[in-house]
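In our numbering, the protein residues as written are -11 to 167.
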């Protein structure tokens, strides 16, 4: 018997001073059985960092042909392709050929730096690609915010993200590995 996704509801209030974007979002996230709270919360952070009324979560882990999030124009072309984790170079090459802009949110205490050392030179040639690395301690704190129903306030200023719930807050300072 196949395991079903766990459904999470998130109400976000986003104040992005860097982009002059402010909005309230009611989101439904399906956490795949193999997905950790940390990965799901990194997806949520990626949404908040790029918040837009048309940005949407995809089927993610259950399909190879879609990113974790994307922003598509009404005509169907892809404006923004967002990957979470440590995608392969060939996957990012395909994404860069399909989308106007591709973002990667890498995380992981040991695996991400190893991935970057191996992939960084090959990824340097992709003009449409931007790679962020999220510090491991911040991602662990983000995972602790995961609840089936979440009310979160996210403030973005000078490249820093502050995520707060009723009783805790986390500061995330993404490192830019490729811009």
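Cβ atoms here follow ideal geometry from the backbone N, Cα and C, with glycine treated the same way.
Exposed or buried, what is residue i when buried is set at 16 or more other beta-carbons lying within 10 Å of its beta-carbon?
i	result
residue 62	exposed
residue 148	exposed
residue 28	buried
residue 162	buried
residue 34	buried
residue 38	buried
residue 102	exposed
residue 154	exposed
Of the residues the options, which one's Cα is nearest the Cα of residue i?
i	options	result
residue 66	73, 53 and 76	53
residue 93	82, 134, 56 and 110	56
residue 0	108, 21 and 36	36
residue 106	135, 76, 146 and 45	76
residue 160	121, 136, 14 and 139	121
For residue i and residue j, what's the separation of their Cα atoms in angstroms?
i	j	result
residue -4	residue 32	11 angstroms
residue 113	residue -8	39 angstroms
residue 150	residue 24	21 angstroms
residue 167	residue 156	31 angstroms
residue 109	residue 165	11 angstroms
residue 59	residue 18	18 angstroms
residue 123	residue 64	34 angstroms
residue 16	residue 47	12 angstroms
residue 41	residue 12	9 angstroms
residue 146	residue 43	22 angstroms
residue 69	residue 82	11 angstroms
Given residue i, which residues of its chain have a CB within under 7 angstroms of its CB, disregarding the five upstream and five downstream residues?
i	result
residue 127	26, 30 and 95
residue 99	74
residue 158	126, 129, 130, 133 and 151
residue 72	27, 30, 31, 34, 56 and 93
Kindly list the residues whose CB is nearer than 8 angstroms to the CB of residue i, restricted to its own chain and excluding five residues on each side of it in sequence; keep chain order.
i	result
residue 116	84, 87, 88, 89 and 90
residue 111	77, 80, 117, 119 and 166
Spatial neighbours of residue i within its chain, please: CB distance less than 6 angstroms, with the 5 preceding and 5 following residues excluded, ordered by chain position.
i	result
residue 10	3
residue 152	141
residue 144	4 and 6
residue 21	-9
residue 136	-4
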